[in-house]
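Trainee: My structure is below; once you've seen it, I'll send some questions.
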């Protein structure tokens with residue numbers, strides 16, 4: 015073997031030995047290269063994912079902003095709707111006072127409607143409410159016109175009450191009033207004649223009067239109506255009682271013409287009973303006292319005064335006058351009047 019071949023063989027053996035020694039490194043480098051490629055691909059995918067996430071974030075922000083704007087708009091619409099509903103309800107509640115005008119007018123104009131109907135007192139209360147509301151809101155359009163109409167209807171309703179009360183009282187009086195030329199005296203037997211029919215007529219009238227009395231202090235129309243009804247009542251009672259009281263006192267005077275003390279005692283006792291009966295009957299119709307009742311009782315008592323005065327002024331005996339004073343003070347004022355509360 016020549017030197018050149020030997021050198022070539024040595025170089026080949028040396029190269030082969032080196033190749034076998036570096037094989038693991040080359041394989042590791044190859045793996046690292048593969049890993050590098052894979053990492054590059056992963057980085058590219060991560061960058062793509064980041065871009066996608068950024069796009070999603072932008073879209074989410076856009077959707078969130080639009081959703082927030084939509085929610086705000088819906089909330090505002092809900093608030094506006096609530097305001098409009100409240101406004102509509104407020105307008106509707108206030109409008110009912112004005113729409114009542116036609117309904118009240120129709121009912122008052124109905125021939126079948128009367129003060130004794132079940133709906134009359136509620137209608138009267140509604141009229142008061144409408145008048146009060148309109149008076150407090152005169153700045154509303156045409157409120158003055160409606161107020162005038164409401165007051166006209168109130169006057170019509172109160173006129174119906176007055177007509178009913180007056181006609182009922184007159185009819186009751188005429189049914190028990192003695193015939194012309196006949197004289198009736200007040201006695202136990204005549205109680206039904208003078209008081210029974212009036213008491214039977216009282217409940218329906220008192221139901222009306224109670225409502226009128228409740229309003230009399232706040233409205234002049236009711237106060238005037240109450241006065242007119244009391245005046246009519248007192249007038250009818252006076253028409254019925256005056257001649258009968260005169261006749262009864264004349265009968266008592268005739269029975270005790272010779273005994274002045276018995277006359278005073280009987281006359282005062284009779285008048286106390288009459289006044290007590292009248293006082294009780296009055297409160298079957300009304301709930302509050304009135305000057306008209308006082309005037310009626312005073313006029314009846316003056317009848318007794320006119321009977322007793324001629325008798326007393328002609329008494330010359332001091333003892334008799336003292337007896338009369340004792341009767342008036344002890345028997346009448348202290349016993350009968352105070353005990354019965356007349």
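Numbering (the numbering used here), first residue to last: 15 to 356.
Even for Gly, the Cβ is constructed at its ideal location relative to N, Cα and C.
Nearest to residue 179 by CA position, among 99, 222, 76 and 49, is which residue?
Mentor: Measuring from the Cα of residue 179, the nearest candidate turns out to be 222.
Trainee: To the nearest angstrom, how far is it from the Cα of residue 117 to the Cα of residue 155?
Mentor: About 20 Å.
Trainee: Using beta-carbon positions only, say whether residue 175 and residue 227 come within less than 7 Å of one another.
Mentor: For residue 175 and residue 227, no; Cβs fall outside 7 Å.
Trainee: Alpha carbon to alpha carbon, what distance is there between residue 184 and residue 224?
Mentor: Their Cα atoms are separated by approximately 20 Å.
Trainee: Does the contact criterion of 3 or more C-beta pairs under 8 Å hold for the region 209 to 218 versus the region 261 to 280?
Mentor: Cβ pair count under 8 Å is below three, so no.
Trainee: What is the C-beta distance between residue 121 and residue 137, in whole angstroms, given that I count them as a contact (C-beta under 8 Å)?
Mentor: That belief holds up - the Cβ atoms of residue 121 and residue 137 are roughly 6 Å apart, short of 8 Å.
Trainee: Leaving out the 5 sequence neighbours to the left and right, which residues in its chain are closer than 6 Å to residue 248 when beta-carbon positions are compared?
Mentor: The answer, listed in chain order, is 306 and 310.
Trainee: In terms of residue numbering, what span does the alpha helix (DSSP H) encompassing residue 139 cover?
Mentor: From DSSP, the alpha helix (DSSP H) with residue 139 extends over 134 to 150.
Trainee: Taking all protein chains shown into account, do 16 or more other C-beta atoms lie within 10 angstroms of the C-beta of residue 57, making it buried, or fewer, making it exposed?
Mentor: Exposed, because fewer than 16 other Cβ atoms sit within 10 Å of the Cβ of residue 57.
Trainee: Given a threshold of 16 other Cβ atoms within 10 Å of its Cβ, counted over all protein chains shown, does residue 232 qualify as buried or as exposed?
Mentor: So residue 232 ends up on the exposed side.
Trainee: Below 8 Å on the Cβ atoms is my contact criterion, and I expect residue 317 with residue 253 to pass it. Report the Cβ-Cβ distance as a whole number of Å.
Mentor: Contact doesn't hold; Cβ gap of about 14 Å is too wide.
Trainee: Hey, out of 134, 288 and 282, whose CA is closest to residue 255's CA?
Mentor: The residue with the shortest Cα to Cα distance from residue 255 is 288.
Trainee: Mind pulling the alpha helix (DSSP H) runs of 4 or more residues that sit fully within the region 265 to 327?
Mentor: Taking only runs of at least 4 residues, the alpha helix (DSSP H) segments lying wholly in the region 265 to 327 are 274 to 299 and 305 to 327.
Trainee: Could you tell me which of 48, 258, 315 and 206 sits nearest to residue 282, measuring between CA atoms?
Mentor: Taking only the C-alpha atoms, the option nearest residue 282 is 315.
Trainee: May I ask you to report which of helix, strand or coil DSSP gives residue 191?
Mentor: Of the three classes helix, strand and coil, the one that applies to residue 191 here is coil, per DSSP.
Trainee: Return yes when the Cβ of residue 235 is within less than 7 Å of the Cβ of residue 172, no when it is not.
Mentor: Their beta carbons are under 7 Å apart, which means residue 172 touches residue 235 by this criterion.
Trainee: Check whether the Cβ atoms of residue 190 and residue 263 sit closer than 7 Å, and answer yes or no.
Mentor: No, the pair does not count as a contact, with Cβ atoms beyond the cut-off.
Trainee: Specify, as a first and last residue, the run of the alpha helix (DSSP H) that residue 358 falls within.
Mentor: Given a span of 15 to 356 for the chain in the structure shown, any question on residue 358 remains unanswerable.
Trainee: Using CA coordinates, which residue listed in 89, 298 and 279 is at the minimum distance from residue 326?
Mentor: Residue 279 is the option with its Cα nearest to residue 326.
Trainee: Excluding the 5 residues preceding and the 5 following residue 128 in the sequence, name in chain order all residues of the same chain whose CB lies nearer than 6 Å to its CB.
Mentor: Contacts found: none.
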